Amino acid sequence: MTIFDKISGFAQKAKENALSRAVLAKDKRLDKSMSESIEAAHIGLLKMATFGVSGTVSAVAFDPVAGLLAVGGGFEQDTFIRLFGRGISAELVLNNPTRIKYLQFKIGYPILVAVDMKNVITTYDLKTKRAKHVVTTPSIITALEYCAGTDWLFVGFADGNVDVFDITKGRFSEEYGIPDLLLEDATRSNQEPPSSTTKTSSLVVALQMHPTDLSMILIGYESAVYLWNIREQTIKKRFSIQQPSQLTCLAWSPCGNRFMAGYDDGYMRLWDTRSDHKPVLTRRAFHASPSTSPSTDPCEPIYRMVWYVDDTSKRSFLVVAGGSDLPDIRGLHIMEFDIESDQRDARRQTILTTSVDVSDFILLSRDPFFLGMNNPLGLLVVGCDGAIRAYGLGHGYPQLTLPSALQFLDPPVSNAYHFTQLPESTFQRIIAMDQINMPPTHYLPLTGGVAGTGHVYRLDSNDLLITIHAHRIIHIWDASYTALRPLTHLTIDCIEDIQKDPKAKIIKVDFDTQSASLFVALDNGTVLQYTHHPPRDSQHQLSQTTQEAFIRNCDNTIEEISELLKDMETEEPVNAGKDDEQHIAATDESSNNDNIAQQPPAATTTKDTAQEQPQQESESSSPPPPPHVPESIKTPTPDIQLLEGDINPPCFAPAMRIKFTASVKQLVAAGGDMLAVATADGKVYVINTLFGRTVYTADIQAETEHQEEVSKEEDNEEHNQKQKQLSTASISCIRFYRTYASLESTEPCLQLFVGLDNGLVYQHDISSPDKPPILISNNSTSAVIDTHVFDIHGVLQTATKAEEATPSYLEPKEQQESQAMESHPSTSTTSPEEESLAAGRKSHESGASLSKDEDGASSKSEKSSGSMGLLRRTTRKLSKSSARANKDPPPPPPPLPTEDASPPSASTVESQSAEAPTTQHTKRAPHASKWEYRPQPHPHFIVVSTSRNIATVLSGYNIRLFTAHLHDIDGCSNEDMIIHSQVMMVKKVGACLAVVLQSGAIIYYSLPHLLPIARISLPNELAARDLLDNMSLSTDGRIVAWTGLCELEQYLSLLQNSITCGEDVMLFDPSRRIPPHPTAVITTQKPKKSWLESVQGAFQKGPFTVAELDTLMGKRPILGAPSKAKSTEDQQRTSNAEGSGSGGGGVGGVFQELSQKMNERGEKLDQLQNKFEDMSAQSGDFLKAVREYNERQARKKWWEF
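With numbering that gives the first Met the number 0, you'll find the sequence shown wraps up at 1200, consecutive numbering, no jumps.
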């Protein structure tokens, strides 16, 4: 039996191959390649844009001079550091994939310092975006403090030591370091040093420089705080409490004489640096209610504190994270103090609420000095969820808009859908904003970075990106911008529209590019429709356009009726009475059919009558068609509910809620008013969203069960097994295309393609509900991935409106409209009341009219105009029937070959092709017993992609022309499977088919022959199986795929497409320079002093300058910048003079160094001499003043005293 099966299988394949060869030989257009001009050398991957970030955020830093924000985070083996400026962003190339712990800019310079979890310090050059120095530390880093305007970074360790790191040279200072002050203090006071059991007390918790004095720094340990003098290298003060509480953070007050310390018991203590006996103030950050014993109430620790000054209000504010005794309070506590008065406690306290607990926050400083506390720009908060939120410091603390990439984290994105090449009218409608009524948008103050000439901000394509956050919030972005432009006014929160099931999650989203409607499928079997409402000025323009189109349509109708009446008066047909009776009967029957629901149009023409007998003969001789649902099987219709609510345009407002009995598996919208939904129980529903009712249903499970009942009567065991395998099949994809329904079709119409996971694909003609579906001949048993329908030029036959998608080669417009109305269920099964209701709902939603031109508006008004549309259809049918009566009946169409039908022999087709005329529009009738291929004017191809193979089928005739097996390609193993496919086009060049394998490879096939052109491999970050499942392919050769938890990257694969793209970003702007340090300004300004101040200043030390700090830290040379330039010129001049002399190169170098040292010492002596001269001059002035005073006293009389 198996041998006979194999022989019959080979015979069937040979017959199919002979049939395809005969069809290709007869119609040479079908054998012409669309991909012959696509070059394999121009297929690759070119990165175009990056959306989002690859993970959560763990560290942030801000440079007020450069205007840059640095963000670091991610997970192990997938970390990142991203920098953001004004409209630009760039990612650094990391040396180590360890998670980032600290970030710090060298303010005003192109250097960024990063500390990872392994305590490795890395400096990055922002010009090259690469690592510059990598330093490994001997201990755990617990605190960082940068001295603004210098090269020095103070690093605190877990062993109690504080070292100084040179950011420019990338190394620690060898001449300066701060030891463990707890141990030093115990040794100095003759106390026992801490034992090994109290080793954790030496942990450096916090470091903070003095806001004005470079020589002072606060060093906080868990048990005490020390005020350290950097210049004298001594402890100035020690601040501690006799309680077991441990220190957590520090913050200097703006005056510089006080500082606030936070502890793990939730208390804050205000210390005065002039008195270290006890704190000036002790209080909790927040008290929910007064308590008799507040020490016993549980309270969270204080994590971080920052003090800033607002010069406008003459107030200072202390921002505190933590310290709340209620778990429901999330946010920051802000306390207000007076600057001028010596007030101890805050005069007012508020809470800046956040959605999650605060992990860390920084000030967005305006001034790099004074710890950045002078008039900051805002607050940047890092939440416990790893997301960033920014707030202004104005009234109400408004939330600032972050860069688009950081908005992917709040809340975290769960899925994304990329829609490309939208119609211009729809795209402009979506991105339109109401500039007058919309609230102002506050942006994050990022002003840094420079975009080069090769940087492209916007692509020449109308694209939208729809992201799903927390499985219920929908954000919409203008994806034509490489950095994404957020359309915040279109944000949708689906939880408001799901009252009964607030835990429902979004699983599918589709966008109708014609009606600008968004369809959202939830996991509880609910589908929501959101219609877009443009701004009010756009609605006014819409109403005017619609009225003008309706008036123009009425004028055209009146002219047609008048012409028809004139024709009826002038014509005198033979057998007028008989024809009139036929016409009247046809008119009455067609009008009755318009009022009967779910009934196909009646056959009243002589053409249909002439086709009945040959068609019955062909059907009787051919095998039975694909399975169809019998009349006894009834599919329950879904529950459709219209939604109404407050509309504040521009926005997406809910319009419809559809409830299904099972969960939704597939969802696709098309044509502006059609929605197809496939559920998990094997049912497919087609819903007219304009009228709000179901127009077509198909039960795949019932069809397979019906086949099983039929197969039980047969004795073929293998056929029963095949039907049993079919019964377990589920729907894997559904698609809408406008193509030929069968051989009887003379023009394309809307078709629904349903693919199953057993390899079967059914084509449903939704305009004929009683017509059984067609089984596409693809000869595969693997799961269907996708289906594509395109013409001989490679253009996809998308499910657009007939008025927009009608090519020039079809019949005149009037015949197209009449045929579409006769076949479309919405025109034949809708009553005038429903039409008026739909027209009213459409005007209320204002959803679909903006994206259509005047012709579309006129056709829509014709459908919804009730009696006027009926009159037009009736008169057109009447004129058509009278015109057809005088013509010869056309030949009957050949039978439709199916998967189970035996195709005709190749000799029959070849013999018929030899007798067929050369013209394409042949009307010859074939022999009754032979099947003849008649070339279509504009044929369509159907490409069916399954997980194992691909097939090209001729639409209408259902003939499989070409087949490609994945395992026939070199390099593909048996485990490789196709997971995505897409027809890609190159403008004015050709088209090809791209398939994505689960191994991360992309294979490009020629069309329609399915021959491999090229094979490329995706980057490693894209090759993960869970990331490839949700990637998106566009028809212009672009690929959008996930590269991280919240990151998408867009690539261009067909490099022959002239899409302008490029990234040319310079992070550091050299024109931005940090101002001089305040100590340098004070030193250079020498105001005139009195003799007493001069004498006192001569015996006191001046302010600690940056040059002195560099000298103390061991930096060489110690000369200033002008002295450096001068010494460099002297060295060059000396070297040139020695080079021109004779010999003595080595000796000259020794004398050169000696002369340089002598010059340095001479300059020092000159400085000392100038100081002594000033002192002597001031001393002379002092003695002169004393002498004059004594003389005046001597001249006075005794009574004058």
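Backbone N, C-alpha and C define an ideal beta-carbon position, used for all residues, glycine too.
Just so it is clear, the structure is predicted and the values come from calculations on it, not from any experiment.
Please confirm whether residue i and residue j have their CB atoms less than 8 Å apart.
| i | j | result |
| --- | --- | --- |
| Arg737 | Glu15 | no |
| Thr678 | Phe659 | yes |
| Ala284 | Val319 | yes |
| Gly322 | Val357 | no |
| His531 | Ile657 | no |
| Asn256 | Asp309 | no |
| Arg303 | Cys248 | yes |
| Ile699 | Val676 | no |
| Ser980 | Ala993 | yes |
| Val203 | Ile218 | yes |
| Thr121 | Asn94 | yes |
| Leu1066 | Leu213 | no |
| Gly758 | Cys732 | no |
| Lys313 | Glu339 | yes |
| Pro649 | His474 | no |
| Gly43 | Leu1009 | no |
| Thr636 | Ser516 | no |
| Val694 | Gly524 | no |
| Val526 | Gly51 | no |
| Ser403 | Ala482 | yes |
| Thr136 | Asn160 | no |
Spell out whether any CB of chain B is found under 8 Å from the CB atom of residue i.
| i | result |
| --- | --- |
| Leu641 | Any reference to chain B falls outside this structure, which holds one protein chain only. |
Going by DSSP, what residue range makes up the beta strand (DSSP E) through residue i?
| i | result |
| --- | --- |
| Ala60 | Val56 to Asp62 |
| Phe789 | Val783 to Asp790 |
| Arg428 | That residue, Arg428, is in no beta strand (DSSP E); its alpha helix (DSSP H) goes Glu423 to Ile430. |
| Glu183 | From DSSP, Glu183 is part of no beta strand (DSSP E) but of the alpha helix (DSSP H) over Leu180 to Arg187. |
| Met215 | Met215 to Tyr220 |
| Ser932 | For the sequence presented, residue 932 should be read as Tyr rather than Ser. Segment: none, Tyr932 is in no beta strand (DSSP E) and carries neither H nor E. |
| Cys493 | Premise fails: Cys493 is in no beta strand (DSSP E) and is neither H nor E. |
| Gly176 | Arg170 to Ile177 |
| Asn948 | Asn948 to Leu953 |
| Gly255 | Per DSSP, Gly255 belongs to no beta strand (DSSP E) and is neither H nor E. |
| Pro653 | Cys650 to Lys658 |
Using the Cβ count rule (16 or more neighbours within 10 Å means buried), how would you classify residue i?
| i | result |
| --- | --- |
| Met1112 | buried |
| Thr907 | For Thr907, the predicted model reports a pLDDT of 44, less than 50, meaning its position is unreliable and no value from the coordinates is stated. |
| Lys1195 | exposed |
| Gln720 | Bear in mind that the predicted position of Gln720 carries a pLDDT of just 47, short of 50, making it unreliable; the figure below should be weighed with that in mind. Classification of Gln720: exposed, given that the 10 Å Cβ count is below 16. |
| Ala575 | Residue confidence is low: Ala575 scores 43 on pLDDT, short of 50, so the model does not pin down where it sits. Its coordinate-derived value is still stated next. Burial call: exposed. |
| Glu174 | exposed |
| Asn461 | buried |
| Ser1005 | buried |
| Gln513 | buried |
| Glu816 | The predicted position of Glu816 is uncertain, since its pLDDT is 40 and thus under 50; a value taken from the coordinates is nonetheless stated next. It is buried - the Cβ of Glu816 has at least 16 other Cβ atoms within 10 Å. |
| Phe153 | buried |
| Gln796 | buried |
Closest by CA to residue i, which one among the options?
| i | options | result |
| --- | --- | --- |
| Phe83 | Leu408, Leu443 and Ala1013 | Leu443 |
| Gly391 | Ala260, Val380 and Cys146 | Val380 |
| Asn777 | Asp115, Leu953 and Leu1027 | Leu953 |
| Trp227 | Ala1106, Leu206, Ile557 and Ala415 | Leu206 |
| Leu666 | Phe752, Met976, Ala740 and Leu742 | Phe752 |
| Asp271 | Gly265, Thr281 and Asp263 | Thr281 |
| Ile139 | Lys105, Tyr101 and Tyr123 | Tyr101 |
| Met267 | Asp275, Cys254, His276 and Gln245 | Gln245 |
For the alpha helix (DSSP H) containing residue i, name the first residue and the last one.
| i | result |
| --- | --- |
| Asp1231 | Because the chain spans 0 through 1200 in this model, residue 1231 falls outside it and cannot be assessed. |
Run through the DSSP bridge pairs and tell me what residue i is partnered with.
| i | result |
| --- | --- |
| Pro411 | Leu408 |
| Lys235 | According to DSSP, which records beta bridges pairwise, Lys235 is partnered with nothing at all. |
Looking at residue i and the ligand GDP, is the gap between the Cβ and the nearest heavy atom below 7 Å?
| i | result |
| --- | --- |
| Ile699 | The ligand GDP is absent from the structure shown, which contains no ligand whatsoever. |
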